[in-house]
Amino acid sequence: MDTSVLPIIILLPLVLGTTLVSWLKQFSRGVTALGAIGVSLSSFLLLLSQAPAIFDGAVIIQTWSWLPQLGIDFSFRLDSLALLFALLISGIGTLIYIYAYYYLNPKNSLSKLYFLLMLFMAAMLGISLSNNLLILLVFWELTSISSFLLVGYWSNYEAAQRGSRMALTITGMGGLAMLGGFILLGQITGTYQIDQILTMTEQIQSHALFVPTLLLILLGAFTKSAQFPFHFWLPNAMAAPTPVSAYLHSATMVKAGLFLVARLLPIFAGAALFHNIVTFVGLFTLCMAAFFAIFKEDLKGLLAYSTISHLGLIMCLLGIGSPLAVAAAIFHIINHATFKAALFMIAGIIDHESGTRDLRKLSGLWQLLPFTATLTMITAASMAGVPLTNGFLSKEMFFTELVANLSGPVLVGSAIVATLAGIFAVTYSIRLVHGVFFDGPLGKQVPNKNAHEPPFGMRAPATLLAFLCILVGLLPALLVEKIVNSTTQATTQNFAFEGTHLALWHGFNLPLLMSVIALAGGAVFYFSLAKGGALREIDLDPKLGRLQGRILFDLFLKNLLLNSRRFRHATETGKLQSYLLWIVIFTIGLVGFPLLSNGIGSGTRELTHAPALAIVLWMLLFSACWMLLWFHHERIKAVLISGAVGLVVTMVFIGFSAPDLALTQITVDVVTTVLLLMSLSLLPQLTPYESSPTRRWRDAIIALGGGLGIATIAWLIMTRDHNSISWFFLQQSIPLGGGTNVVNVILVDFRGFDTFGEITVLGIAAIGVLSLMDGMRAHGTTMTQGLTYRFNPSPLMLRITASWILPVALVVSLYIFMRGHNLPGGGFIAGLVTSLALIIQYIAVGQDKTEQLLGAKSGRLYEIWIGVGLTIAGLTGVAAWFWSRPFLTSAHIYVSPPVIGEMHLASAALFDVGVYVTVVGATMLMISVLGDSRHSSMTGPVPRG
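With the first letter of the sequence shown counted as 1, position 258 gets the number 258 in UniProt numbering; the numbers rise by one all the way through.
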């Protein structure tokens, strides 16, 4: 068996499908549809090619290591359960793509719908095939996002906006809870690999964290599969186009929760809490939703509540958990997918042809749509559980397992509830058929009195599914018995299960009696309600009042929004001092409480006397900080004094023999000081005295508390012995990194990924400055009371000096760069030195002249430098993959070119080039933006006054 087929099945819709439909839209709708159908059909056929082996008991597992230390691997698993769901997803998806081509109005974007459906399909296939809980979670959330976009496809409708937000909120909250459950499950088992977790049932159920793990995972499953009390989002998602509703209700979104419970069933089975919760939540959902479906006037609303009801039935069977109950659940998943996809397509046909789907307006359509009416009768009969349909067989299995696995009063109550649900199901199914196609002559309120059968392509998918409803109902043993039994074994991990025999007749028994009561009672109930057209006038919404899920949800969001606004108004004062105050208080509390409550004291490490150098540096630092506090209202002085603080820190690094850190600190200090001075030139020179004496004392106390807290933490750490990992870097710097400068080797090799992230953030910050300052114009003191002086033109001595500083600085930066792998230096420091040289040119000859010489126009050159630097760094990391090494693994060799002699070359130098270019580009972009005459008052003549 070919294991590489698993990622291909997902990548086909995720990459090829989305790209193809986006590209084909330039040709025609038909070509776009053919492309989408081809991709979906390819996934289906790939899966079908694996079916013989998989349904015979084989399992395909494919794993690529990603973050093994965190237990996250790209791992996929194809067994019978995964294959069944994947076949439903891709098979019904193919029919949906065909149907959507005919359903969607040419004015609407077909390629947009196909793109989102492809994304949705890929996410569901990912859930089905994932063998890692965290990867499954990624696909799980992707279904929430893609369904949000699909439900809100017609974004100009308020109902679509509300429904999409509701679906995303409910399923997103469930996904968050499920994430917590997965993490707890990983902590219990030590792995996130599903195939390994399924073998640890006893270990999991005996663990103290089992109950919260179970509850959190069930929350995720219940919200996704619309179980009570989270069911209300599903009917409100009916604003989506009908192809989306058909796909979402039959084979995708709502089946994800069922799949999750089925996949993890082996680790939960046997736990009384699991069986009680899932069985009775499912049973209540089954009956409650079936009752509400009867009174829905919207055709898709009726089908939505019927979906919730059938999901409850399947969930109840999974909660019972016996092999035969699981077999019934699997069988009903197949049956529900066929008749529900067909019914939603039929609802779309009725709406498309008659102009409405309001059951109060529809009647007598049999004379206009006889073929559609026949399809509706077949599929509605399957939904109601009428004999000779597939729905009847799985409903009988449900009744049988309910009776066989319960006893006493629970059995009586459950049998009554299940029978009532059957009665309600028959009632809403009869209403669907009788109310739309019969119930008198053609309704006067039907908008289109000339409705006709749709094109063959539009009804073909529903016709095929209706045919399967009858065929499976007549020949279940021949068509699906092996699939059901194989999937049951894979779900329960009970390979001793001999299987169930699917047959039309099981004799006279209690389940048959329940079915007869449901069929007869449903017919009687419907016609008694519909007598005289009374059913069309019944509206449950006023009777339910605020008990409706939608209203409760809206009320919750309203109160949440109101309280959030009150909190924001109380905290967002627009004063940075206030924000900083709360941040410091929260930090002190967050750190101080555990330290004080645990009584952590000083360590036992031997103390040494402070050297004279440390005392001198400490006094300098204290003096600089005191001056900063004294002059903090004078912005320019404050910035210059903060530069002095940085200079003292540089001296500390030198005192501790850390030349790399000292070089980095001094260059960063100079560049940031320049940036701050340029920024502050746009602001008044003085900070207003806003604090009262009380607030000054309050701020002083909080500042002292924060400082003492940091000092305490430092003391606690430094007085304790610890095991350093520096020995590893010292030993492996040359053999693994090819350099003697350990600091640089760490930055570009051992922790190169961190450095890559840091330069990416630096580039983003520079682009952010460009975006924030775009369009801002400050015209000197008339608007900003900023600085009123600028050397224009600069003194002759500065211009002459700058003319030779630049080439010398470039040589120095090249020297620092080249020596960085073995001696203090490197790309970051070299980039800052180059930036300083260019800044001097800005000051000496002006920004316009400097950028003209550099070829930079409005900072565009610097943006390119950032991109080039990040690309070089990234490609250096990717190159390691060609030698089957991890990302950013460094290689080094010794060469002996003529004249130069022996040289030691390391691939990390290329990464350092990327760092160098990115640093120069980001620094100069920020300088350029802040100094641009369109943004700042620092350039050009500045009026006084």
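Backbone N, C-alpha and C fix where the C-beta goes; we use that ideal spot for every residue, glycine too.
Under 8 Å, do residue i and residue j count as touching if we go by C-beta distance?
{"i": "Y192", "j": "L134", "result": "yes"}
{"i": "A226", "j": "A159", "result": "no"}
{"i": "G319", "j": "L260", "result": "no"}
{"i": "S363", "j": "G301", "result": "no"}
{"i": "H632", "j": "T687", "result": "yes"}
{"i": "A167", "j": "S147", "result": "yes"}
{"i": "T918", "j": "I843", "result": "no"}
{"i": "A425", "j": "G473", "result": "no"}
{"i": "P241", "j": "Y153", "result": "yes"}
{"i": "Y428", "j": "A530", "result": "no"}
{"i": "I346", "j": "L388", "result": "no"}
{"i": "I188", "j": "I204", "result": "yes"}
{"i": "L136", "j": "L87", "result": "no"}
{"i": "A503", "j": "A477", "result": "yes"}
{"i": "G763", "j": "D912", "result": "no"}
{"i": "V278", "j": "M315", "result": "yes"}
{"i": "G737", "j": "D749", "result": "yes"}
With distances taken Cα to Cα, identify the nearest neighbour of residue i among the options.
{"i": "F456", "options": "R360, F44, F371", "result": "F371"}
{"i": "T719", "options": "V524, D660, F729, L607", "result": "L607"}
{"i": "residue 950", "options": "M377, G921, W804, I805", "result": "With the chain running from 1 to 945 in the structure shown, residue 950 is simply not present."}
{"i": "P235", "options": "W154, W582, S309, I197", "result": "S309"}
{"i": "I641", "options": "F74, V674, P659, I145", "result": "V674"}
{"i": "W626", "options": "V645, A614, N744, V417", "result": "V645"}
{"i": "V878", "options": "I872, F887, L870", "result": "F887"}
{"i": "T672", "options": "L81, I98, E572, S835", "result": "S835"}
{"i": "L552", "options": "G355, W233, F44, A809", "result": "W233"}
{"i": "residue 970", "options": "R635, L620, V639", "result": "There is no way to answer for residue 970, as the model of the chain reaches only from 1 to 945."}
{"i": "A58", "options": "S896, T32, A518, L78", "result": "L78"}
{"i": "A766", "options": "T63, S354, G601, M924", "result": "M924"}
{"i": "M288", "options": "L535, P13, A421, I430", "result": "A421"}
{"i": "L11", "options": "A418, A122, A381, F268", "result": "A122"}
{"i": "T850", "options": "I927, A523, L561", "result": "I927"}
{"i": "residue 1006", "options": "V833, P824, Q493, T801", "result": "Residue 1006 lies beyond the range of the chain shown here (1 to 945); nothing can be said about it."}
{"i": "I701", "options": "V584, G737, I864", "result": "V584"}
Output the boundary residues of the beta strand (DSSP E) element that contains residue i.
{"i": "I61", "result": "60-67"}
Using a threshold of 7 Å, is the CB atom of residue i nearer than that to any non-hydrogen atom of the ligand COA?
{"i": "V386", "result": "You won't find the ligand COA in this model; it holds no ligand whatsoever."}
In the DSSP assignment, find the alpha helix (DSSP H) that holds residue i and state where it starts and stops.
{"i": "residue 964", "result": "Because the chain spans 1 through 945 in this model, residue 964 falls outside it and cannot be assessed."}
{"i": "W697", "result": "693-718"}
{"i": "Q161", "result": "158-189"}
{"i": "T488", "result": "481-492"}
{"i": "F424", "result": "408-437"}
{"i": "G319", "result": "299-320"}
{"i": "R29", "result": "29-54"}
{"i": "P807", "result": "796-819"}
{"i": "H506", "result": "Careful: H506 lies outside any alpha helix (DSSP H) and carries neither H nor E."}
{"i": "W618", "result": "612-630"}
{"i": "residue 957", "result": "Any question about residue 957 goes unanswered here, given that the chain covers just 1 to 945."}
{"i": "R550", "result": "549-571"}
{"i": "residue 965", "result": "The requested residue 965 is not part of the displayed model; the chain covers only 1 to 945."}
{"i": "V584", "result": "576-597"}
{"i": "T667", "result": "659-680"}
My assumption, with CB atoms under 8 Å, is that residue i sits in contact with residue j. Please give the rounded CB distance.
{"i": "L265", "j": "G321", "result": "7 Å"}
{"i": "I333", "j": "L258", "result": "7 Å"}
{"i": "L875", "j": "I759", "result": "Not quite, the Cβ-Cβ distance comes to about 14 Å (not below 8 Å), so this is no contact."}
{"i": "N131", "j": "I61", "result": "6 Å"}
{"i": "M651", "j": "L617", "result": "6 Å"}
{"i": "G507", "j": "I423", "result": "Not confirmed; about 23 Å, so no contact."}
{"i": "F398", "j": "L317", "result": "6 Å"}
{"i": "G709", "j": "I588", "result": "6 Å"}
{"i": "H231", "j": "K340", "result": "That belief does not hold up - the Cβ atoms of H231 and K340 are roughly 16 Å apart, past 8 Å."}
{"i": "S43", "j": "I9", "result": "5 Å"}
{"i": "I840", "j": "A802", "result": "5 Å"}
Specify whether the region 172-187 and the region 209-226 touch according to this definition: at least 3 beta carbon pairs, one from each stretch, less than 8 Å apart. By the Cβ criterion, the region 172-187 is in contact with the region 209-226, since at least three pairs of Cβ atoms, one from each stretch, lie closer than 8 Å.
With contact counted as at least three CB pairs below 8 Å, one residue from each stretch, are the region 605-624 and the region 657-674 in contact? As far as the Cβ criterion goes, the region 605-624 does not touch the region 657-674, which means the pair count is below three.
Segment contact flag, the region 390-400 with the region 324-338, C-beta cutoff 8 Å, min 3 pairs: Yes, since at least three Cβ pairs between the region 390-400 and the region 324-338 fall closer than 8 Å, the two stretches touch.
Are three or more beta carbon pairs between the region 113-124 and the region 13-22 nearer than 8 Å? A contact between stretches requires three or more CB pairs, one per stretch, nearer than 8 Å, and the region 113-124 meets this requirement with the region 13-22.
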